[in-house]
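Number of protein chains: 2
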Amino acid sequence: MAHERRAGVPVAGKDQLKQGKDGKSIAVQGLRGAILRGDMVPGQRLVETELVELFGVTRGSVRSAIDDLVADGLVERIHNRGARVRRVSLDQAIEIMECRRVLEGLIAAKAAERAGPDDIARLRVHGELLRQAIRDGEMGKYSTLNQELHAMLAEISGQSTAADLIGRLNAQIVRHQFQLAQRTAWPRSSVDEHGTIVEAVAAKDPAWAERAMHEHLSHVITALKNAGE
Amino acid sequence: MAHERRAGVPVAGKDQLKQGKDGKSIAVQGLRGAILRGDMVPGQRLVETELVELFGVTRGSVRSAIDDLVADGLVERIHNRGARVRRVSLDQAIEIMECRRVLEGLIAAKAAERAGPDDIARLRVHGELLRQAIRDGEMGKYSTLNQELHAMLAEISGQSTAADLIGRLNAQIVRHQFQLAQRTAWPRSSVDEHGTIVEAVAAKDPAWAERAMHEHLSHVITALKNAGE
DNA sequence: GCTCGCAGGATTGTCAACATTTTCGCTAGC
DNA sequence: GCTAGCGAAAATGTTGACAATCCTGCGAGC
């Protein structure tokens with residue numbers, strides 16, 4: 001009480017470093033990585049003792065890590081019956097993408113409001129790289145650049161709350177997105193949607209940026225729906 | 001889906017019963033309630049041993065409960081330095097409300113798509129009650145009805161992901177909203193925004209419903225901004 | 001007079017053992 | 001031949017004790 005420290009501001013830069021040491025964070029990072037990487041498939045049981053010897057941490061840490069991932073929606077647990085990797089149905093994935101759509105729209109709009117000249121320059125460079133990756137058919141590079149572009153917009157927008165929510169939502173559907181990227185040949189019309197978004201932000205036109213982002217993600221959602229049939 | 005803990009509708013009856021028994025859930029509910037009710041003010045330290053004797057559960061349960069609330073953004077914890085009730089700045093509250101704005105817009109749109117005749121009837125009744133509460137100046141009743149209306153839309157929309165996100169976001173800013181409700185005399189123009197939303201949903205016009213919801217929450221955000229000056 | 005260093009006390013983080021619940025295989029009975 | 005009931009094994013949930021870390025107050029030294 002004597003020490004009224006910093007009013008809680010956002011996130012955790014140094015916390016991450018500190019947490020890297022203790023057992024819980026090793027378990028969290030290991031488990032999250034394994035699930036996101038696909039080493040553990042949806043529906044698979046997570047037996048605590050197995051994870052103990054897999055990660056070399058105590059059972060308490062594993063337990064705590066599972067709690068964390070349950071809160072993130074990556075794992076589901078049933079009382080006295082253990083935990084398993086959450087299986088996200090296509091309908092749920094669509095729901096999640098619809099949330100992402102409006103949140104990314106918000107970010108795009110705010111980014112358009114706040115973007116400075118240097119931000120715009122960086123965005124343009126990234127947009128050009130994206131176009132090249134698409135033209136050369138390098139899907140891996142495209143995916144990486146795509147994520148970086150969204151991250152850049154999030155940073156410019158300053159909407160850390162929205163960015164955080166999107167991060168969580170995305171983690172839940174990486175598998176669907178991966179499948180989508182592999183099975184879908186993107187139509188020519190959607191090739192330059194990123195370019196439009198960049199342009200809208202550069203023009204500092206929030207409404208346009210939001211519309212462009214909405215349109216872009218609507219196409220992804222449509223592709224998701226079609227993939228299910 | 002993964003989190004049917006708090007938000008809209010208690011799907012699992014027996015889970016509630018089970019959760020009521022074990023220590024962790026008692027601690028979670030108790031702590032969340034205390035924070036939301038304002039019994040514990042932002043910035044206040046949460047000493048584990050104190051909570052132990054307050055709720056009559058073990059320290060492990062308290063610890064686990066704190067982890068849960070950290071994941072929900074209600075509490076922040078610093079390594080080896082304990083946990084405290086998260087202090088949400090006005091800027092952060094505005095950010096959160098902007099997320100809520102677009103998510104509620106999504107829900108309103110989807111609700112307009114899916115609403116059946118009985119849903120519409122229920123909404124109209126609720127809208128009328130809301131109007132009465134405003135006319136009679138009963139702010140407490142207004143607040144309750146307002147929440148119920150939003151919950152009803154969330155249920156109709158079927159977007160449980162968005163509803164869950166909104167539930168979490170809302171919990172983080174109850175304090176701000178409470179202060180806002182007490183200090184602000186709502187302008188006449190915003191009196192019947194709820195009516196407009198209900199009408200738009202009843203007309204099964206998603207775009208209109210989304211616009212109406214956006215406008216409504218934009219006014220709340222504006223009020224929030226003004227309250228800070 | 002001020003700063004640096006150092007125990008003392010308090011609080012959190014970790015761990016290993018105990019209790020409870022569920023599941024699966026087996027036997028007995030219809 | 002099939003189903004119901006029982007018991008052992010495995011996995012989970014819980015508890016209490018131990019170790020590491022941090023804040024506070026006091027005293028010595030410059």
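Chains A and H supply the protein sequences, listed in that same order. In terms of this note's numbering, the first sequence has 181 at position 181, counting the first letter as 1, and numbering is strictly consecutive. In terms of this note's numbering, the second sequence has 168 at position 168, counting the first letter as 1, and numbering is strictly consecutive. Think of the CB as a built atom: it goes at the ideal place given N, C-alpha and C, for glycine as much as any other residue. Remember, predicted model here, so these are calculated numbers, not experimental data.
- Distance from arginine 100/A to aspartate 192/A at the Cβ level is roughly 21 Å; contact not present, criterion being Cβ atoms closer than 8 Å.
- Excluding residues up to 5 positions away in sequence, Ala115, Ile120, Leu123, Arg124 lie with their Cβ nearer than 8 Å to the Cβ of alanine 202/A in the same chain.
- The alpha-carbon separation between threonine 144/A and leucine 149/H amounts to approximately 41 Å.
- DSSP, read as helix, strand or coil, puts isoleucine 78/A in strand.
- With the rule of 3 Cβ pairs closer than 8 Å, the stretch 74-84 of chain A does not count as touching the stretch 105-114 of chain A.
- Annotated three-state conformation of valine 57/A is coil, per DSSP.
- Residues of chain A with a Cβ closer than 8 Å to the Cβ of leucine 103/H are, in chain order, Cys99, Val102, Leu103.
- With contacts defined by Cβ atoms closer than 7 Å, alanine 83/A and leucine 46/A form a contacting pair.
- For lysine 110/H, the uninterrupted alpha helix (DSSP H) segment begins and ends at 90-114.
- Residues of the stretch 136-164 of chain A that bring their beta carbon within less than 9 Å of a beta carbon in chain H comprise Gly158, Gln159, Ser160, Thr161, Ala162, Asp164, in sequence order.
- In the DSSP annotation of this structure, arginine 87/A is not part of any alpha helix (DSSP H), being labelled neither H nor E.
- Looking at Glu48/A, Leu54/A, Leu69/A, the one whose alpha-carbon comes closest to that of glycine 60/A is Glu48/A.
- As for any alpha helix (DSSP H) of minimum length 4 sitting wholly inside the stretch 162-222 of chain H, the runs are 174-183, 193-202, ordered along the chain.
- Arginine 45/H is bridged by DSSP to Arg84/H.
- Put simply, the CB of glutamate 95/H is near chain A, with a gap under 7 Å to one of its CB atoms.
- Under the 10 Å beta carbon count, arginine 87/A is surrounded by fewer than 16 other beta carbons and is classified as exposed.
- Taking 7 Å as the cut-off, the Cβ atoms of valine 28/H and aspartate 68/H count as close.
- For the pair methionine 152/A and proline 117/H, the Cα-to-Cα distance works out to about 45 Å.
- Counting only Cβ-Cβ distances below 7 Å, aspartate 192/A has no contacts in chain H at all, with the closest Cβ about 25 Å away.
- Proximity of chain A to aspartate 118/H at the Cβ level (cut-off 7 Å) is not reached, the minimal Cβ distance being about 23 Å.
- Across the structure, valine 41/A and glycine 228/A are spaced so that their CA atoms are roughly 19 Å apart.
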